[in-house]
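Q: Encoded as structure tokens, here's the structure I'll be asking about.
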Amino acid sequence: MSKTLKKTAKQVEASKEMVSWVVKGMQDKKAQEITVLDLRKVDNAFTDFFVICSGTSDTQIDAIADSVDKQVWESGKIHVHAVEGKANREWILMDYYDVIVHVFLKDKRAFFKLEELWGDAKFTVIPD
1074 MSKTLKKTAK QVEASKEMVS WVVKGMQDKK AQEITVLDLR KVDNAFTDFF VICSGTSDTQ
1134 IDAIADSVDK QVWESGKIHV HAVEGKANRE WILMDYYDVI VHVFLKDKRA FFKLEELWGD
1194 AKFTVIPD
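Next comes the structure, spelled out in structure tokens:
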């Protein structure tokens, strides 16, 4: 949704609820270092939330992405808009419009440092 449009309270709650589904999907596959970035008050942000996590192998990050997709579908009947990175399984990006999911191999996450690019966001670290 465009940042120029004012969201209703219901839309804001729906985004927050989706974040909880994404986190649950990540936790179900033992994702590490789950971090939620709230971008709603960041100028020029194109989404409401980033949810970022790490995995230890390409197999695990693939399983995490599948688990997130399954959890979001089962909880809210919402299909992912776009998925990138499934072929190389180093950084999988899932676009749910208002929530963008990033599933990284640990070394790729350290290299790209998304958290540093969005330093104005409000960070919530989910305990492993």
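1074 is the number of the first residue of the sequence shown in my numbering; add one for each residue after it.
C-beta: ideal position from N, C-alpha, C; glycine also.
Since this is a predicted model, take the numbers as computed values, not measurements.
Using the three-state DSSP reduction, which class does Ser1130 fall into: helix, strand or coil?
A: In the sequence shown, the residue the question calls residue 1130 occupies position 57. Coil, per DSSP.
Q: Taking one C-beta from the stretch 1155 to 1175 and one from the stretch 1123 to 1131 each time, how about it: are there three or more such pairs within less than 8 Å?
A: Taking 8 Å as the limit for Cβ pairs, the verdict is that the stretch 1123 to 1131 does touch the stretch 1155 to 1175.
Q: Is the number of C-beta pairs between the stretch 1132 to 1151 and the stretch 1176 to 1191 that are closer than 8 Å three or more?
A: Flag = yes, the stretch 1132 to 1151 and the stretch 1176 to 1191 touch.
Q: Are the beta-carbon atoms of Ala1087 and Ile1137 separated by less than 8 Å?
A: Translated into the one-based positions of the sequence shown, residue 1087 becomes position 14. Translated into the one-based positions of the sequence shown, residue 1137 becomes position 64. Contact flag unset, no.
Q: Going along the chain, which residues of its own chain have a beta-carbon closer than 6 Å to the beta-carbon of Trp1191, five neighbours each way excluded?
A: In the sequence shown, the residue the question calls residue 1191 occupies position 118. Hits under 6 Å: Leu1110.
Q: Count the other CB atoms, across all protein chains shown, that sit within 10 Å of the CB of Gly1149; report buried if there are 16 or more and exposed otherwise.
A: Against the sequence shown, residue 1149 aligns to sequence position 76. It counts as exposed.
Q: Might you give, ordered along the chain, the residues of its own chain that have their beta carbon closer than 6 Å to the beta carbon of Trp1094, omitting 5 neighbours on each side?
A: By one-based count along the sequence shown, residue 1094 stands at place 21. So the list reads Gln1144, Val1145 and Ser1148, once near-sequence residues are dropped.
Q: What is the DSSP secondary structure of Glu1090, reduced to helix, strand or coil?
A: On the sequence shown, position 17 is the one that residue 1090 refers to. Note: Glu1090 maps to helix in three-state DSSP.
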